[in-house]
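In the working numbering, the protein residues as written are 142 to 282.
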Amino acid sequence: MKTFVPKNDEQNWVVVDATGVPLGRLATLIASRIRGKHRPDFTPNMIQGDFVVVLNAAQVVLTGNKLDGKVYTRYTGYQGGLKTETARQALAKHPERVIEHAVFGMLPKGRQGRAMHTRLKVYAGETHPHSAQKPQKLEVK
142 MKTFVPKNDE QNWVVVDATG VPLGRLATLI ASRIRGKHRP DFTPNMIQGD FVVVLNAAQV
202 VLTGNKLDGK VYTRYTGYQG GLKTETARQA LAKHPERVIE HAVFGMLPKG RQGRAMHTRL
262 KVYAGETHPH SAQKPQKLEV K
């Protein structure tokens, strides 16, 4: 009996415009695209998703009270070293990290998830250096 082995050589590049799109909807779309769940030959233990380029990360929308209520925390390792910032501050300082944080939380934890992290490219503005890969435009509904 012959087993079916999915081909892993197809690597598409996709461009997503984040202008006016809610953060959660955008992150779920990107995470499933990076994992390869849109493919008919999806296999959980293989990385066969697309490379995703996100443009206009600064124009992503957070609904409700999330701009002031959502708090990102990190710990420096020292006593009293808990650093916090709201989503409004994070979007003002580094809008790329807000989208990366949302997407990385939806990817698998472990070795495979860390390898998938490199497939996400986020830019605050309209331009990106990946035009040589001929990325296709993906519409967010």
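We put the beta carbon where it would ideally sit given N, CA and C, even for glycine.
Quantities reported herein were computed from a predicted structural model and do not represent experimental measurements.
Which word fits residue i, buried or exposed, when buried means at least 16 other C-beta atoms lie within 10 angstroms of its C-beta?
| i | result |
| --- | --- |
| Ala-233 | exposed |
| Leu-223 | exposed |
| Pro-185 | exposed |
| Ala-172 | buried |
| Gly-177 | buried |
| Ala-273 | exposed |
What three-state label does DSSP hand residue i in the structure shown?
| i | result |
| --- | --- |
| Asp-182 | coil |
| Thr-169 | helix |
| Val-244 | helix |
| Glu-226 | strand |
| Lys-234 | helix |
| Leu-208 | helix |
| Val-195 | strand |
| Arg-260 | coil |
Do you know offhand how far residue i's Cα is from residue j's?
| i | j | result |
| --- | --- | --- |
| Arg-166 | Val-212 | 19 Å |
| Val-202 | His-271 | 25 Å |
| Arg-180 | Tyr-219 | 45 Å |
| Leu-196 | Gly-221 | 36 Å |
| His-269 | Pro-276 | 11 Å |
| Leu-210 | Thr-227 | Here the sequence assigns Gly to residue 210, which means Leu is not the residue at that position. Distance between the alpha carbons of Gly-210 and Thr-227 is about 7 Å. |
| Glu-151 | Arg-174 | 13 Å |
| Gln-200 | Ile-240 | 11 Å |
| Ala-256 | Ala-198 | 22 Å |
| Arg-229 | Leu-208 | 5 Å |
| Arg-252 | Gly-266 | 30 Å |
| Leu-279 | Lys-250 | 26 Å |
Tell me, which residues are paired with residue i by DSSP?
| i | result |
| --- | --- |
| Leu-203 | BP columns for Leu-203 are empty, so no partner. |
Sufficient close CB pairs (3 or more, under 8 Å) joining the region 253-272 to the region 181-198: yes
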